[in-house]
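To start, the structure itself, in C-alpha cells.
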Ligand code: EPU
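Okay, structure coming up:
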C-alpha cells in the first residue's frame, strides 16, 4: 500500500489549483482496496480519478483520499459483431478511445478527448456529440463498501440519465468503481454523425463514408478548436449542466430572444445550452483576476494563473447569479464541488 501525507494534488486536478491533502492512498490494483479501507476505518474519504471534474473549494483537505491508478485493458468476450472489453478504472479515458480505434473498434469515437479516467465515466454518464456512455456500456464492476466484495452492475441497474447515474444517488459513497466493460462493435459500426458540427467537418474534408477513426479525428479537431487544454489552461470542461425548463418559461424567453438555441427534453420540457445563457449575460472571454469564462466557450471556467478553488467558485457564483437575474434560471454545477 502506497500512502502519502501532505501531498499537493495540483497535478491531479484539471483546474490546476493547489490543494494540500493530509492523507492520500494510491490504488494501483483493486486488490489493495481492502487494506486501504481498513486503514481509513470509519472515516469519510474521497475517491479521486483524473480530477477533471472536481473543484476543491479550500486549499487544504484533511479527509483521506484514494487516488485511482489501476491499469489494464482486456477483451473479456468475443462475438461475431462485437467484443466485450474491460477497462480498469485508472486508465485514461481518451487514451482508451484511441486504443479502441487502433484495434478497429467502433463505439467510443464520439467521446474522444473527454478528459478524465475510465472509472469516473459512468458516474456522470459522460456524453458528447450525440453519444453518451450508456449507449456503449455493458456493465460496471465496483467494490461494495459494506461487503468488501466486487459487484457487477448491468447497464439498466446504473439508472443513467443526462450527466446522471445511480452512482450520484443511491450508490453514492457506497461503492468504488474498479472497471467498466464496454460493448464495442467490430463491424457494421453504428456511427452517430447527427451533430451539425460533425456533419459539416466531414463534408469539408470530403469524407462520405466515415470510419470511427474519421469521426474521432473530426471530434478531436472540433474540441481542440473551442475547448482549452487543461494542461495549458486549468479548467473542468463544462462548469454547469445544460438546464431543463418548462415550456411556458421557454416561451417567455423565446419571446425576447427569438434565436435561443433549444433541444426537446422529457415531456414538454426544453433543454437550453448553459453556454448560450452565459454568453448572453456578457461573460464570454471575460476575465476577473485569475479566473474567466473561456473566449471560445463561455461554459468553460478557466484558471488563468494561480487561482484558488475559492476564487474559481466565486466566479462561478457571479455567472450563476447573472444568468438567474436575466433568465430566472438557476444553473446547476456539473463540476463536483469538494468542501
Ligand atoms: N454557445 C454560445 N456561446 C458559447 C458557446 C456555445 O452561445 O460560448 C451556443 C452554441 O452556439 C450552441 C449551444 O450554445 O448553440 C451549445 O454549445 P455546444 O454545442 O458547444 O455544446 P454545449 O451544450 O455547451 C455540451 C456538453 C459538452 C459536450 C458538447 C458537445 C454539457 C453541459 N456540455 O456542451 O460536454 O462536449 O455538448 O456534445 O452537456 C463537458 O461535459 O465537460 C463537456 C464539454
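In my numbering, the protein residues as written are 220 to 558. Glycine is no exception: its CB is placed at the ideal position from the N, C-alpha and C atoms. Since the structure is predicted, the reported quantities are computational estimates derived from the model, not experimental observations.
Secondary structure at residue 252: helix, using DSSP grouped into helix, strand and coil.
Separation of the CB atoms of residue 252 and residue 370 is rounded to 13 Å, and the pair is thereby denied contact status at 8 Å. Counting other Cβ atoms within 10 Å of its Cβ, residue 442 reaches 16 or more and is therefore classed as buried. DSSP places residue 445 outside any beta strand (DSSP E); the residue lies instead in the alpha helix (DSSP H), whose first and last residues are 431 to 445. For the options 405, 406, 220, 435, the alpha carbon positioned closest to that of residue 416 is the one of 435. Taking C-alpha positions only, residue 290 is separated from residue 361 by approximately 15 Å. Note on geometry: alpha-carbon atoms of residue 409 and residue 282 lie some 44 Å from one another. Within the DSSP bridge table, the entry for residue 305 names 293, 400 as partners. Contact between residue 489 and residue 454 is ruled out by a C-beta separation of about 27 Å, above the 8 Å threshold. The region 508 to 521 makes contact with the region 485 to 499: 3 or more CB pairs, one atom from each, lie closer than 8 Å. Going by beta carbons, residue 287 and residue 260 fall outside the 9 Å limit.
Going by DSSP, residue 357 is part of the beta strand (DSSP E) stretching over 356 to 363. Its chain contains 341, 372, 377, 396, 399 as the residues whose beta carbon lies nearer than 7 Å to that of residue 359, once the 5 sequence neighbours on both sides are disregarded; these appear in chain order. No Cβ-Cβ contact shorter than 9 Å links residue 445 with residue 506. Around the C-beta of residue 539, 16 or more other C-beta atoms lie within 10 Å, and the residue is accordingly described as buried. Less than 9 Å separates the beta-carbon of residue 414 from that of residue 349. Under DSSP, residue 383 takes part in a beta bridge, and its partners are 380.
Your pair residue 257 and residue 334 does not check out as a contact, with CB atoms roughly 32 Å apart and the cut at 8 Å. Rounded to the nearest angstrom, the gap between the Cα atoms of residue 284 and residue 439 is 32 Å.
In the assembly as shown, residue 422 is an exposed residue. Its beta-carbon has fewer than 16 other beta-carbons within 10 Å.
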